[in-house]
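To keep things clear, I will list the structure first and then write my remarks on it.
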């Protein structure tokens, strides 16, 4: 498993552009961290051959995003950003995120909801069974954390 105990994880160093006047990572930047790990994770799903061939061809749209902040992150700090798919609906799925400092503290956690979406017809469509199977195999027996906000 990963540092964050999520199925997929990346490491990021806090850059100067990420901090605000108070000297810590600005709240909006956490959504960029979530986006970065989400796209990389879904790229793994694509390499599994189930969603297509090009990263920019992902047939989905983000419909909801939230973040809970627990601890400030500072310039040059190394963060671990983990993600996993926590729920499948018929056409939508949830992804959970956790940002953790190298000292083990939880900096932030969040959730996004994505819908499978055909940009040509402008309609949602059911999640392919291949995607569900690949995610189940990839994530193994991962149990999503239970955050009160996302239960």
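Numbering (our numbering), first residue to last: 34 to 184. Beta carbons: idealized from backbone N, C-alpha and C, even for Gly.
Paired residues, beta bridge with residue i - DSSP
| i | result |
| --- | --- |
| residue 169 | For residue 169, which the question treats as bridged, DSSP gives no partner whatsoever. |
| residue 62 | Paired residues: none, contrary to the question. |
| residue 22 | Examination of residue 22 is not possible in this model, given that the chain is present from 34 through 184 alone. |
| residue 156 | 151 |
Option in the options with minimal Cα separation from residue i
| i | options | result |
| --- | --- | --- |
| residue 56 | 160, 105 and 118 | 105 |
| residue 143 | 71, 136, 45 and 36 | 71 |
| residue 149 | 76, 95, 38 and 128 | 95 |
| residue 169 | 64, 117, 102 and 59 | 117 |
| residue 49 | 62, 93 and 37 | 62 |
| residue 138 | 182, 54, 110 and 121 | 110 |
| residue 131 | 115, 123, 101 and 146 | 115 |
| residue 100 | 77, 59, 167 and 45 | 59 |
| residue 122 | 151, 164, 133 and 103 | 164 |
| residue 156 | 53, 125 and 73 | 125 |
| residue 69 | 135, 145 and 38 | 145 |
Helix, strand or coil at residue i according to DSSP, with G and I counted as helix
| i | result |
| --- | --- |
| residue 10 | Outside the shown range of the chain, which is 34 to 184, sits residue 10, and nothing can be said about it. |
| residue 56 | coil |
| residue 45 | strand |
| residue 219 | The displayed coordinates of the chain run from 34 to 184. Any statement about residue 219 would go beyond what the structure contains. |
| residue 36 | coil |
| residue 124 | coil |
| residue 130 | strand |
| residue 71 | helix |
| residue 182 | helix |
| residue 136 | coil |
The beta strand (DSSP E) enclosing residue i, as first and last residue numbers
| i | result |
| --- | --- |
| residue 94 | 93-102 |
| residue 151 | 139-151 |
Burial state of residue i (16 or more Cβ within 10 Å)
| i | result |
| --- | --- |
| residue 153 | exposed |
| residue 141 | buried |
| residue 108 | exposed |
| residue 40 | buried |
| residue 176 | exposed |
| residue 51 | buried |
Near the ligand HEM: residue i beta-carbon under 7 Å from a heavy atom
| i | result |
| --- | --- |
| residue 157 | The ligand HEM is not part of this structure, which contains no ligands at all. |
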